[in-house]
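S.K.: Here you go, one structure.
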Amino acid sequence: MDFGLVLQTDPPASQVISLMKRAERNGFRYGWTFDSAVLWQEPFVIYSQILANTQKLHVGPMVTNPGTRTWEVTASTFATLNDMYGNRTVCGIGRGDSAMRVAGRAPNTLARLGEAMDVIRDLAEGREASVDGNPIRIPWIKDGKLPIWMAAYGPKALALAGQKADGFILQLADLYLTEWMIKAVRQAAAEAGRDPSAITICVAAPAYVGEDLAHARDQCRWFGGMVGNHVADLVSRYGEHSSMVPDELTEYVKARQGYDYSHHGRAGNPSTDFVPDEIVDRFCLLGPAEAHIEKLRALRDLGVDQFAVYDMHDAREATIDAYGSHIIPALNA
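Residue numbers for the sequence shown follow my numbering, so the first one is 24 and each next one is one higher.
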């Protein structure tokens, strides 16, 4: 199983780079960041420094979207990093939650997202693609490689991931929902004539290593609120108790009263009081190292190829080190 580290690009950027270097030393193979231009610093500028200060770490956004940058700019940016550092990027992409809503725009449609994935991949790998009806190709790209990993929750998005994406990003670590969503992605891949086993499965969630469960829950409760944004969209689209979306995903958002993006992805987020302990425990990895190892083995048995640690809490260094000293070795023994 591979491991990734997920950070927000809060200033100073030097701290983000330092944590990514620490992650690589501890056996992490991927470095991910949020991508929301208003809320955080520009990640692609920081990726250049992360790549320059690591040897093998692969970097990318979790996740970008097809609305805040034109597609040829996104492709050229990834291709430039790959040309400089040797095909060590991955494009995590989705409809766009915070990046679009904070700027007063709605998330992208799935149709737009599906088209963008094809175009960005083709352009970044040196092939011709049509952008706004115009055929273009980036002529300087040689031997470019850009995997596209799509984040999804709902049935139509899961189907799109199976049809077009090289990888699937699931931002929660609940075992039942993970099994349900991987099955949906792989079924869509098979129906599209693709090899379902060729799609990389990445589960991303907060991890907090320690004995004080109450404190760990409070440090990670923000995650239930973040997931709740997407779940609320699903409920509005499909209704409650829909056969299209499991109740295990939608029940907890009934008490949701709104969401303040100024606290997005941060411990102590006041917009997440509605998230019960049960959801925090199911969606995250909490407790002593042995509890993490047990849940990660269960995720691996479900077909998960990578676990990406959301490290937005008060024990970032300690979590990275605990994974490096105890958890990653146990999963890869």
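Just so you know, even glycine gets a beta-carbon here, dropped at the ideal spot from N, CA and C. Keep in mind it's a predicted model, so treat the numbers as computed, not measured.
Does the stretch 189–208 come within contact of the stretch 88–106, defined as at least 3 CB pairs closer than 8 Å?
M.R.: In short, these stretches do not touch, since the Cβ pair count stays below three.
S.K.: Can you tell which of Lys165, Val276, Asp241 and Leu319 has the C-alpha that lies nearest to the C-alpha of asparagine 110?
M.R.: For asparagine 110, the nearest C-alpha among the options comes from Lys165.
S.K.: If I measure Cβ to Cβ from arginine 305 and keep anything under 7 Å in the same chain, skipping five residues before and after, which residues do I get?
M.R.: Excluding positions up to five away in sequence, the list reads Asp197.
S.K.: Counting only the same chain and skipping the five closest in sequence on each side, list residues whose C-beta sits under 6 Å from that of alanine 184.
M.R.: Around alanine 184: Met173, Ala175, Phe191 and Val208.
S.K.: Report the residue from Val39, Phe51, Pro219 and Arg48 whose alpha carbon sits nearest the alpha carbon of tryptophan 63.
M.R.: Nearest C-alpha to tryptophan 63: Val39.
S.K.: Reducing DSSP to helix, strand and coil, say where proline 178 ends up.
M.R.: Three-state DSSP puts proline 178 in a helix.
S.K.: Go through its chain and collect everything with a Cβ distance to aspartate 300's Cβ below 6 Å, but skip five positions before and after it.
M.R.: Around aspartate 300: Arg240.
S.K.: Please report the residue range of the beta strand (DSSP E) in which alanine 331 lies.
M.R.: Where alanine 331 is concerned, the enclosing beta strand (DSSP E) stretches over 329–333.
S.K.: Quick check on proline 269: does DSSP put it in helix, strand or coil?
M.R.: Proline 269 falls in the coil class under three-state DSSP.
S.K.: Taking one C-beta from the stretch 339–354 and one from the stretch 221–235 each time, how about it: are there three or more such pairs within less than 8 Å?
M.R.: Short answer: they touch.
S.K.: Determine which residues share a DSSP beta bridge with tryptophan 172 and list them.
M.R.: In the DSSP output, where bridge partners are listed per residue, tryptophan 172 has Gly115 and Gly190.
S.K.: Taking contact to mean at least 3 C-beta pairs separated by less than 8 Å, is the stretch 111–124 in contact with the stretch 48–67?
M.R.: Short answer: they touch.
S.K.: Would you call the CB atoms of leucine 309 and cysteine 225 closer than 8 Å?
M.R.: In this structure, cysteine 225 does not lie closer than 8 Å to leucine 309 by Cβ.
S.K.: Spatial neighbours of alanine 353 within its chain, please: C-beta separation below 7 Å, excluding the five flanking residues on both sides.
M.R.: Answer for alanine 353: Ile316, listed in chain order.
S.K.: Identify every residue that forms a DSSP beta bridge with leucine 308.
M.R.: Leucine 308 pairs with Ala230.
S.K.: Between which residues of its own chain and glutamine 210 is the CB-CB distance below 8 Å, once the five residues before and five after are set aside?
M.R.: Excluding positions up to five away in sequence, the list reads Gly185 and Pro219.
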